[in-house]
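Q:
Residue numbers (our numbering), protein chains in the order written: chain A, 87 to 635; chain B, 1496 to 1791; chain C, 631 to 898.
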């Protein structure tokens, strides 16, 4: 009996074995690049893209008129060989490449561009890509004088207009495959929900390398859908995937120790983490707290009392830079380098607080009417760096007698509080910036905007400095001179620095992992960090494609 | 005469029970809809924080979400759609729920069945020879092993499975095994201590013969009932394990749906999970009753 | 009591004693960050090293032990009370009522109670002390974790209802109140006690699972589950075996709880 049972056990094991030996380690042909998507792509229609996953697919498959070089941060001709903006900033004229075909063989003409722009500017479309072009009320007019020329006229000047076309993948007006016919280096060949997206080489891609060989080099790219970052790095170690586009600091640190050649830190990225106080007049907490949060001295004192160097050193293992303003130094053109770099100084913070009428005695900070200074800082659950930063801020602020309570909320609850109920006192969140141009942040800085987090949707600017920011933002948006816009933006950064409505903490580095088997990689600080030049990447002869040896 | 009546009543009773369970399942689905609807952050979307959206677009997004606000109308709508076999569309994944369930349910089913297979085999193998030979060391070490597994939180088991790249069904097996082992062992101990088994042993019957002829008939009915119970344990364990291992099954789907407050998806997943649990428990109930009847 | 049970009981008592003494002997407050020595190895100043933020791991472990060991019994008590009420009512009344209670028990295993946890958190004011929110989290677990016990209690109650001695008592004119107090309660008491005892390790494990999923005890509080969250990095465990201490302690305590329980009362 026992022996029979043993046989049955062995049999079960044998039957189950194929799933023990994971199927992903199947052998590689020619060049198939593997990496992970952190979720399901919600759409393959490039005009409707709003999530990071769809954005990756769009970047790899979409053909655009103008491409922003992720390394030089300069605009380069792509489907358009040249372009010109009229001095009033409302009209842009493109000259297109001729003789190109979509991935399904449909010829490419100015008609396709006109079709795309019209679809994009449809007021019913509601997509972030389309919304970023909207500058004023009225119709967008599109003219196609010839098959290789197109003129687009907007109702009002659009700041940084050319750069916006980096996001617009051209659709075919006539292809029966609709949005699946593409002009980019790859096309979507297969999508299995929950498992993977397979992109194959588009043999009709327009670009050639220096020797005139058609690009891309890779035969295909397999994007595995994998939310868990620990599994992702395990798979990278085993050589099952070649690239991790964005790594957390602790995972990066671990990888760097094991295989330094695979770990790439491109320096501070555009992403920033910050804290803000709720200044909404109707918020549900006592009035004396509203007085603190509206006090510039209070916010500046908090900013001074947070040890940013410690945050960068401990939470990000040194892979982050202290941040003091809305623009990361990675954004070479728009960063205001004249801003002073304040030091962590709790004594100075106490002096500022004393000026504002706060008293510090017996290790406790009290306001002028004797209330103990105490607030709750919320952040999102499951984000380890954020939880750790709040914990560290707790200890930093306890040194100037402020008691900080920490509450972590899951993302939907958090968003509900900061956008609907305003039932919170302070919040720590991050901002993932994909765009270099400051006009992409209009909805953050205008006092009437939804994303003006500390006090959104104001009918009138609540403070003179918010009024000034409004004026500067409008002024830069209606200007076509980059010099003028830069002056305006420098001033906005100056005001934000002086008023600290957002207390910026750090800019995390752009960290990625790239297997040594990948040839031609050049990690950049702009997204997509590791595969922005996917069309010139190729896989080396190393058949194990592992990162380990 | 009475017996005949019972037989003719049987299908009717079974039907009534089925109907009762179905109603209960739908009641459960409604209850879960209510829980989701009143959970914080319902109808709020992460994309509202994307500054690229214009105010008009955000307004349009919110309007679209508002259409689902009324709970009573949602119930009615859901019921009438359900009657037509339509399970609606997932809010977060933008796909028909039916399609999602059709993809994910077999994956989870497979892991649960395989996990159960491992757990039952291991439990039966570890529990039975120890009793036959009554080796002190074997007994103590197998009990220690199963106690150790029993005291590991299933999330830790899942994390271990991730690190070792062991498949999900293995983790499920590891979670279910110690529970089975304990029960099967105590059951067999009790059976071996029955007077007639003791008598058989005293007569010097071979252990195989004792096991098949005397022990198994006593132990079989509760074991069959245990099969149903172990299925619910395995199914319940599959959900957090799949969520942690990020394996594309029902558990991961449910977890993602919960994080995204995806009402149509959660309601249907609840319905499916509760129906599966009912089915397993009813089957366990029926078999144990049938056996109890036959023994009497 | 068998020697094994005695040993288990002694170990449990020792851990409880350590927990009480630990609050006096801790090297540092559990939340204090020694920022110069994050992720440190064991030393005389930090016998179990420090965590990623430089907090003393031993202090956090002792604090977490206190949270888990004091609150898990509270949750167990609550759930046993609910199970006792529901289960015995179902067992005695029998028939349709019993079937409904059992079906509802099954159903409640399938419901997404996660949302109730979230809703309760949302309804609490944000500035409740962390300890209060932890206590509430455990009470919620107790409130939602009674399903396993109900079946057992129900079966036992049904057995007593059909027993001869109860029939005898009833036929000799015993009043219902006296029936419940003198005949039923003493017979079920040991079962309730066993269920309570079984539930304690279950709630310790539940808390660990929830905290690992990010739904249990929140930072900067410490609990066993919370300490296990730092466990994702298995590759580093080989080099830092002392990180395993929270898991080992948890396993020891849960095993001891299982052993202390008289074995014949282990039902499911």
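No residue lacks a Cβ here, since even glycine has one placed at the ideal position from N, Cα and C.
Compare the C-beta of residue 465 (chain A) against all C-beta atoms of chain C and say whether one is closer than 7 Å.
A: In the first chain, the residue the question calls residue 465 (chain A) occupies position 379. So no, residue 465 (chain A) is outside the interface.
Q: At 4 residues or longer, and completely inside the region 280-351 of chain A: list those alpha helix (DSSP H) runs for me, N to C.
A: You should have 315-323 and 335-344.
Q: Select from A:384, A:169, A:132 and A:117 the residue whose C-alpha is nearest the C-alpha of residue 588 (chain A).
A: The residue given as residue 588 (chain A) occupies position 502 in the first chain. Cα-wise, what sits closest to residue 588 (chain A) is A:384.
Q: Any C-beta of chain C sitting closer than 7 Å to the C-beta of residue 1748 (chain B)?
A: Position 253 of the second chain, counted from the start, is the residue given in the question as residue 1748 (chain B). With 7 Å as the cut-off, residue 1748 (chain B) does not count as an interface residue toward chain C.
Q: Does the Cβ of residue 836 (chain C) have 16 or more other Cβ atoms within 10 Å, making it buried, or fewer, making it exposed?
A: Here residue 836 (chain C) refers to the residue found at position 206 of the third chain. So residue 836 (chain C) ends up on the buried side.
Q: Identify whether residue 444 (chain A) lies in helix, strand or coil by the three-state DSSP scheme.
A: Walking along the first chain from the start, residue 444 (chain A) turns up at place 358. Coil.
Q: Give the interface partners of residue 208 (chain A) over in chain C, defined as CB-CB distance under 8 Å, in chain order.
A: Residue numbering aside, residue 208 (chain A) sits at position 122 when the first chain is read from its first letter. Result: empty, since nearest Cβ-Cβ is about 37 Å, beyond 8 Å.
Q: By how many angstroms is the C-alpha of residue 1741 (chain B) removed from the C-alpha of residue 156 (chain A)?
A: Sequence index remark: in the first chain, residue 156 (chain A) carries index 70 (1-based). Sequence index remark: in the second chain, residue 1741 (chain B) carries index 246 (1-based). The alpha-carbon atoms of residue 156 (chain A) and residue 1741 (chain B) are separated by roughly 32 Å.
Q: Are there 16 or more other CB atoms within 10 angstroms of the CB of residue 378 (chain A), so buried, or fewer, so exposed?
A: Working through the first chain from its first residue, we reach residue 378 (chain A) at position 292. Buried, since its Cβ has 16 or more Cβ neighbours within 10 Å.
Q: Using DSSP bridges, identify the partner residues of residue 153 (chain A).
A: As a first step, residue 153 (chain A) is located in the first chain; it is residue number 67 there, counting from the start. Answer by DSSP bridge pairing, in chain order: A:162.
Q: Counting C-beta neighbours from all protein chains within 10 Å, is the total for residue 575 (chain A) 16 or more, i.e. buried, or is it exposed?
A: As a position in the first chain, residue 575 (chain A) is number 489, starting the count at 1. It is buried - the Cβ of residue 575 (chain A) has at least 16 other Cβ atoms within 10 Å.
Q: Output needed in chain order: residues of the region 533-547 of chain A with a Cβ under 9 Å from some Cβ in chain B.
A: Hits within the stretch, in order: 534, 535, 536, 537, 539 and 543.
Q: Could you tell me how far apart the beta carbons of residue 1762 (chain B) and residue 1745 (chain B) are, in whole angstroms, since I believe they sit closer than 8 Å?
A: Counting from one through the second chain, the residue named residue 1762 (chain B) turns up at place 267. Counting from one through the second chain, the residue named residue 1745 (chain B) turns up at place 250. So it is not a contact: roughly 14 Å between Cβ atoms.
Q: In chain order, which alpha helix (DSSP H) runs of at least 4 residues are fully inside the region 721-801 of chain C?
A: DSSP runs (the alpha helix (DSSP H)) wholly in the region 721-801 of chain C: 725-740, 744-753, 760-774, 777-791 and 794-801.
Q: Ignoring anything shorter than 4 residues or poking outside the region 1700-1750 of chain B, list the alpha helix (DSSP H) runs there in chain order.
A: Here the runs fully enclosed are 1702-1705 and 1711-1740.
Q: Report yes if the CB atom of residue 1676 (chain B) is closer than 7 Å to the CB atom of residue 1621 (chain B), and no otherwise.
A: On the second chain, position 181 is the one that residue 1676 (chain B) refers to. On the second chain, position 126 is the one that residue 1621 (chain B) refers to. For residue 1676 (chain B) and residue 1621 (chain B), yes; Cβs fall inside 7 Å.
Q: Between the alpha carbons of residue 500 (chain A) and residue 661 (chain C), how many angstroms are there, rounded?
A: As a position in the first chain, residue 500 (chain A) is number 414, starting the count at 1. As a position in the third chain, residue 661 (chain C) is number 31, starting the count at 1. About 25 Å.
Q: Could you tell me the boundaries of the alpha helix (DSSP H) in which residue 177 (chain A) lies?
A: By 1-based counting over the first chain, the position of residue 177 (chain A) is 91. Counting along the chain, residue 177 (chain A) falls outside any alpha helix (DSSP H), though it belongs to the beta strand (DSSP E) covering 177-182.
Q: Could you tell me if residue 1737 (chain B) is buried or exposed, where buried requires 16 or more neighbouring beta carbons within 10 angstroms of its beta carbon?
A: Locating residue 1737 (chain B) in the second chain gives position 242, where the first residue counts as 1. Buried, since its Cβ has 16 or more Cβ neighbours within 10 Å.
Q: Which term fits residue 615 (chain A), buried or exposed, when burial requires 16 or more other beta carbons within 10 angstroms of its beta carbon?
A: Within the first chain, the letter at position 529 stands for residue 615 (chain A). Per the 10 Å Cβ criterion, buried.
Q: Determine whether the Cβ of residue 314 (chain A) lies closer than 7 Å to any Cβ atom of chain B.
A: Position 228 of the first chain holds residue 314 (chain A). Closer than 7 Å to some Cβ of chain B, the Cβ of residue 314 (chain A) qualifies, so yes.
Q: Hey, could you find the ends of the alpha helix (DSSP H) residue 489 (chain A) is sitting in?
A: Counting from 1 along the first chain, the entry for residue 489 (chain A) is found at position 403. First-last for residue 489 (chain A): 489-495, but that is the beta strand (DSSP E), not the alpha helix (DSSP H).
Q: Report the neighbours of residue 1640 (chain B) on chain C: residues whose CB is nearer than 8 Å to its CB, in chain order.
A: Position 145 of the second chain, counting from 1, holds the residue named residue 1640 (chain B). Ordered by position in chain C, no residue passes the 8 Å Cβ test against residue 1640 (chain B), which lies about 11 Å from the chain.
Q: Check whether the region 470-480 of chain A touches the region 816-828 of chain C, taking contact to mean three or more Cβ pairs, one atom from each stretch, closer than 8 Å.
A: Result no; under three Cβ-Cβ pairs closer than 8 Å.
Q: Quick one, which of A:498, A:547 and A:522 has its alpha-carbon nearest residue 1532 (chain B)'s?
A: On the second chain, position 37 is the one that residue 1532 (chain B) refers to. The shortest Cα separation from residue 1532 (chain B) among A:498, A:547 and A:522 belongs to A:498.
Q: Any C-beta of chain A sitting closer than 7 Å to the C-beta of residue 1550 (chain B)?
A: Here residue 1550 (chain B) is taken as the residue at index 55 of the second chain, counted from 1. So yes, residue 1550 (chain B) belongs to the interface.
Q: Taking residue 1754 (chain B) as the query, report the chain A residues whose CB atoms sit under 8 Å from its CB, ordered along the chain.
A: Here residue 1754 (chain B) refers to the residue found at position 259 when the second chain is read from its first residue. Simply 496, 497 and 498.
Q: Does the distance from the CB of residue 1666 (chain B) to the CB of residue 1653 (chain B) come in under 7 Å?
A: Translated into the one-based positions of the second chain, residue 1666 (chain B) becomes position 171. Translated into the one-based positions of the second chain, residue 1653 (chain B) becomes position 158. Cβ distance < 7 Å, so residue 1666 (chain B) and residue 1653 (chain B) count as in contact.
Q: Under a Cβ-count criterion, where at least 16 other Cβ atoms within 10 Å of its own Cβ denotes burial, should residue 107 (chain A) be classed as buried or exposed?
A: Numbered from 1 along the first chain, position 21 holds the residue referred to as residue 107 (chain A). For residue 107 (chain A), the predicted structure reports a pLDDT of 36, less than 50, and the residue's modelled location is therefore unreliable. A value from the coordinates is still provided. Label assigned to residue 107 (chain A): exposed.
Q: Mind checking the region 753-766 of chain C against chain A and listing, in chain order, the residues whose C-beta falls within less than 7 Å of any C-beta there?
A: So the list reads 756 and 757, given in the order they occur along the chain.
Q: Is residue 884 (chain C) buried or exposed, if buried means 16 or more other CB atoms sit within 10 Å of its CB?
A: Translated into the one-based positions of the third chain, residue 884 (chain C) becomes position 254. By the 10 Å Cβ count, residue 884 (chain C) comes out buried.
Q: Hey, quick one: how far does the beta strand (DSSP E) through residue 597 (chain A) stretch, first residue to last?
A: Your numbering for residue 597 (chain A) matches position 511 in the first chain. From DSSP, the beta strand (DSSP E) with residue 597 (chain A) extends over 588-600.
Q: Taking residue 536 (chain A) and residue 1553 (chain B) to be in contact with their CB atoms under 8 Å, please state how far apart those CB atoms are, rounded to whole angstroms.
A: In the first chain, residue 536 (chain A) corresponds to position 450, counting from 1. In the second chain, residue 1553 (chain B) corresponds to position 58, counting from 1. With 8 Å as the limit, residue 536 (chain A) and residue 1553 (chain B) qualify as a contact, their Cβ atoms being about 6 Å apart.
Q: Classify residue 328 (chain A) as buried or exposed, calling it buried when 16 or more other Cβ atoms lie within 10 Å of its own Cβ.
A: In the first chain, residue 328 (chain A) corresponds to position 242, counting from 1. It is buried - the Cβ of residue 328 (chain A) has at least 16 other Cβ atoms within 10 Å.
Q: Taking the C-alpha atoms as reference points, what is the distance between residue 795 (chain C) and residue 720 (chain C)?
A: Locating residue 795 (chain C) in the third chain gives position 165, where the first residue counts as 1. Locating residue 720 (chain C) in the third chain gives position 90, where the first residue counts as 1. Roughly 20 Å between the two C-alpha positions.
Q: Closer than 8 Å between beta carbons: that is the criterion. Which residues of the region 660-689 of chain C meet it against chain A?
A: Cβ contacts with chain A: 661, 662, 663, 665, 668, 682, 683 and 684.
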